[in-house]
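What follows is a single structure, written as structure tokens, with notes after it.
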Amino acid sequence: MKILVVTELRQGKWNNASFETLAAAQQIAKDTSSAVSALVIGKSVVAFANELASKNVAEVLTVEHDLLEAYTPDGYCVALKQVVESAKPDLVLFPHTYQVRDFAPKLAAMLGKGMIGDCIGYRDESGKLVFVRQMFQGKTAADVTFTGAAPWFASFQSGAFRADLLVAHPSGKAPVNSVAVSLSAAQIRTQPLDLFKEAKSAVDLTQAPLIVAIGRGIKAPENIPQAEALAKALGGEIAASRPICDEGWLPMERQIGSSGQTVAPKLYLALGISGAIQHVVGMKGARTIVAINKDSNAPIFEIADYGVVGDIFEIMPALTEALEKAKTG
Amino acid sequence: MNIIVCIKQVPAKDAPLAIAGNWIKESDIGFEMNEPDSYALEEALRLKEKHGGEVIALSMGPERVKQTIKEALAKGADRGIHVLDENFAQLDPLGSAKALAAAIRKEKADLVLTGLQSDDHGFGQTGVLLAGLLDLPHATIIMAIEVTDGKMTLKRELEAGWFQHIDCPLPAVLSIQSGINKVRYATLKIEKIYVPTKSKKTEFLTGSPKEVATKLVEKLKFEARVI
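Top to bottom, those sequences are chains A and B.
Those letters in the first sequence? Residues 13 to 341, by the working numbering.
Those letters in the second sequence? Residues 1265 to 1491, by the working numbering.
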């Protein structure tokens, strides 16, 4: 089998999720006696290609074009369709980034194929690749397979594989080959403009050693002071999952997860957070995770060191009091 | 401006999920509008208020989906389209998108909106696939839409706190970020679904709220030593 990994650059730097997917490809290749090609796309990408060539891959493909300097879904789809048609991979793997979400399903559809996005793992079942992804926001896992002929398309959730397990190239350097693609300005219908960040966040949660995070279970904004009192008693920062910030109950800068901040505090206390993967990728590196949730099946308990199945509105004040007492006692 | 909003009906957030093969037992649970899609509907209604035109709520699924279409009408959509399919849960993303695209082609839409992803399957592919099938430009994870002189300037969310403005002509397909305010030709198949195995051992603390609070503080202080 031939596996093609489409890596991603973000404003002239690696999106590190690329290396996790490359590590996944190396593992699949080992299990299935396959060869891995790593692809880098953009304008002037030789330095990045050389870096990929130091990894254990059969070859590195560069796809360069002036019109690929800035990402556009049209440009990437037109170019990568030609690459898939000429390189003829069996399996095309992507990191499940916002950019990949934006074009990869369409690329697969242009070739008449489906894509299994957002996978957290795979299994090789006597030659048949089974991809594992989550459903119902992490409450269930699903085994998904491809029914038609190759090429197959799949993306891996960030954090699903470890980039530090990437194997270096045995003899030092894989060959780098460029793939010519034809692309015209008329084929690109959207025009990317300025890149920007919102107002600087006042808090840097990545530096906070103790974090109290709230999720949907907090129910209403008027309940947030209870969680804030708990955070204060602990001496920690308050944070939240995406829905809370979407509602405007806490500012966006306090959001933890794939679209917010990624934190690795000493203690992460999750209150009424179900533990959807988009949240978990932002906090699973915490040294100690405590989860309090009324639903004993909440996926947050998968990764919790300590769990309490119960009503956060009863436990928050009790815990605040116990913490105050521990401080004075 | 005529806008079609694709809306999915999904199991209610607090519904207990009983697994049945590769889907769930539907008999005892409630269903609701997929939350990310409600943001897309809201955005469509705001665009209509500003620029005029019509908002059409498009949904696919069994009979029960009518309730969600009615909810969209109640919120201000002008018309609803129900693609009646008893086995929609068995469709893969491309199959679903093909069915929706067939319905969209019959309308004269300037804009097709979807939510970011569904809370059940969560593939997050519908908008991008519709753009491909309808041969329209698209953009995803949209945080703001400004329409001027027949084209749009969009604010797209990137990762790590970055955003980007994009110019996009009309007609187009947009997948809306939350918070801005399947059977034929199946290309993939969900074999089964199951409760994931635990990767970490959780120590559950039990007792009254006061008791668990005391126990937890002791654990954090003397066992985990993080406070």
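For glycine and all other residues, C-beta sits at the position ideal for the given N, C-alpha and C.
None of these values were measured; they are calculated from a predicted model.
Closer than 9 Å to chain A by CB, residue i
{"i": "Gly1317 of chain B", "result": "no"}
{"i": "Gln1273 of chain B", "result": "no"}
{"i": "Ala1492 of chain B", "result": "Beyond the ends of chain B as shown, which are 1265 and 1491, falls residue 1492 of chain B; an answer cannot be given."}
{"i": "Gly1388 of chain B", "result": "yes"}
{"i": "Glu1299 of chain B", "result": "yes"}
{"i": "Cys1270 of chain B", "result": "no"}
{"i": "Asp1383 of chain B", "result": "yes"}
{"i": "Val1459 of chain B", "result": "yes"}
{"i": "Asp1431 of chain B", "result": "yes"}
{"i": "Gln1428 of chain B", "result": "yes"}
{"i": "Ala1502 of chain B", "result": "Outside the displayed span of chain B (1265 to 1491) sits residue 1502 of chain B, for which this structure offers no information."}
{"i": "Asn1351 of chain B", "result": "no"}
{"i": "Glu1423 of chain B", "result": "yes"}
{"i": "Arg1448 of chain B", "result": "Per-residue confidence for Arg1448 of chain B stands at a pLDDT of 24, beneath the threshold of 50, marking its modelled position as unreliable; the derived number appears in the next sentence. Output row for Arg1448 of chain B: interface = no."}
{"i": "Phe1468 of chain B", "result": "yes"}
{"i": "Asn1266 of chain B", "result": "no"}
{"i": "Gly1325 of chain B", "result": "no"}
{"i": "Asp1292 of chain B", "result": "no"}
{"i": "Val1490 of chain B", "result": "yes"}
{"i": "Asp1413 of chain B", "result": "no"}
Cβ neighbours of residue i in the same chain (closer than 8 Å, five flanking residues each side left out)
{"i": "Leu1309 of chain B", "result": "Val1319, Lys1339, Gly1340, Ala1341"}
{"i": "Tyr280 of chain A", "result": "Ile223, Ala225, Met295, Ala298, Thr300, Ile301, Val302"}
{"i": "Gln1331 of chain B", "result": "Gln1273, Phe1295"}
{"i": "Ala1276 of chain B", "result": "Ile1293, Gly1294, Phe1295, Glu1296"}
{"i": "Thr202 of chain A", "result": "Thr84, Pro85, Asp86"}
{"i": "Ser1442 of chain B", "result": "Glu1299, Pro1300, Tyr1303, Gly1379, Leu1380"}
Same chain only: Cβ atoms within 6 Å of residue i, ignoring 5 sequence neighbours per side
{"i": "Ala162 of chain A", "result": "Asp102"}
{"i": "Phe60 of chain A", "result": "Val52"}
{"i": "Tyr88 of chain A", "result": "Phe115"}
{"i": "Gln149 of chain A", "result": "Ala288"}
{"i": "Ala82 of chain A", "result": "Pro204"}
{"i": "Phe313 of chain A", "result": "Ala303, Gly319"}
Residues that residue i bridges to, as DSSP identifies them
{"i": "Asp136 of chain A", "result": "A:Leu141"}
{"i": "His1429 of chain B", "result": "B:Lys1419"}
{"i": "Ala251 of chain A", "result": "A:Ala225"}
{"i": "Trp164 of chain A", "result": "A:Leu103"}
{"i": "Thr152 of chain A", "result": "A:Met147"}
{"i": "Thr1412 of chain B", "result": "B:Lys1415"}
{"i": "Glu210 of chain A", "result": "Paired residue(s): none; Glu210 of chain A is not in a bridge."}
{"i": "Asn1266 of chain B", "result": "B:Glu1318"}
{"i": "Leu16 of chain A", "result": "A:Ser49, A:Val104"}
{"i": "Ala232 of chain A", "result": "Note: Ala232 of chain A sits in no beta bridge, so no partner."}
{"i": "Pro117 of chain A", "result": "Per DSSP, none; premise fails for Pro117 of chain A."}
is_contact[residue i, chain B] using C-beta, thresh 9 Å
{"i": "Glu314 of chain A", "result": "yes"}
{"i": "Ser271 of chain A", "result": "yes"}
{"i": "Glu97 of chain A", "result": "no"}
{"i": "Tyr134 of chain A", "result": "no"}
{"i": "Gln149 of chain A", "result": "yes"}
{"i": "Val302 of chain A", "result": "yes"}
{"i": "Ala110 of chain A", "result": "The sequence as given places Tyr at residue 110 of chain A; Ala does not occur at that position. Answer yes: the Cβ-Cβ gap between Tyr110 of chain A and chain B drops below 9 Å somewhere."}
{"i": "Gln203 of chain A", "result": "yes"}
{"i": "Val320 of chain A", "result": "yes"}
{"i": "Asp86 of chain A", "result": "yes"}
{"i": "Pro263 of chain A", "result": "no"}
{"i": "Ile327 of chain A", "result": "yes"}
{"i": "Thr152 of chain A", "result": "yes"}
{"i": "Leu92 of chain A", "result": "no"}
{"i": "Val17 of chain A", "result": "no"}
{"i": "Ala334 of chain A", "result": "yes"}
Same chain, Cβ closer than 7 Å to residue i, neighbours up to 5 away in sequence not counted
{"i": "Gly269 of chain A", "result": "Ser253, Arg254, Gln290, His291, Val293, Gly294"}
{"i": "Ala91 of chain A", "result": "Ile53, Val75, His77, Leu80, Val193, Leu195"}
{"i": "Thr340 of chain A", "result": "none"}
{"i": "Lys1272 of chain B", "result": "Asn1298, Asp1301, Ser1323, Ser1382"}
{"i": "Val1490 of chain B", "result": "Leu1484"}
{"i": "Glu240 of chain A", "result": "Ile250"}
{"i": "Asn27 of chain A", "result": "Glu20, Leu21, Pro107, Thr109"}
Taking three-plus beta-carbon pairs below 8 Å as touching, is the segment 227 to 242 of chain A in contact with the segment 279 to 293 of chain A?
-> Contact between the segment 227 to 242 of chain A and the segment 279 to 293 of chain A is present, because at least three Cβ pairs lie under 8 Å.
For the segment 160 to 180 of chain A and the segment 125 to 134 of chain A, state whether three or more C-beta atom pairs, one from each stretch, are separated by less than 8 Å.
-> yes
Taking 8 Å as the threshold, find out whether the segment 1349 to 1368 of chain B comes into contact with the segment 1392 to 1399 of chain B through three or more Cβ pairs.
-> yes
Can you list, in chain order, the stretches of the alpha helix (DSSP H) that have 4 or more residues and sit fully within the segment 21 to 91 of chain A?
-> 29 to 44, 58 to 65
At least 3 beta-carbon pairs within less than 8 Å: the segment 150 to 160 of chain A vs the segment 179 to 195 of chain A = no
Along the chain, which unbroken stretches of the alpha helix (DSSP H) at least 4 residues long are found entirely within the segment 281 to 327 of chain A?
-> 289 to 292
Go through the segment 1318 to 1385 of chain B residue by residue and report every complete run of the beta strand (DSSP E) that reaches 3 residues or more, in order.
-> 1318 to 1325, 1343 to 1348, 1375 to 1378
How do the segment 32 to 48 of chain A and the segment 1432 to 1439 of chain B stand: do at least 3 beta-carbon pairs fall below 8 Å, yes or no?
-> no
Could you say if the segment 137 to 150 of chain A and the segment 104 to 119 of chain A meet the contact criterion of at least three C-beta pairs nearer than 8 Å?
-> Segment contact: the segment 137 to 150 of chain A against the segment 104 to 119 of chain A, fewer than three CB-CB distances shorter than 8 Å; contact not assigned.
Please confirm if the segment 308 to 315 of chain A is in contact with the segment 1472 to 1483 of chain B, defined as three or more CB-CB distances below 8 Å between the two stretches.
-> no
At least 3 beta-carbon pairs within less than 8 Å: the segment 1480 to 1488 of chain B vs the segment 312 to 321 of chain A = yes
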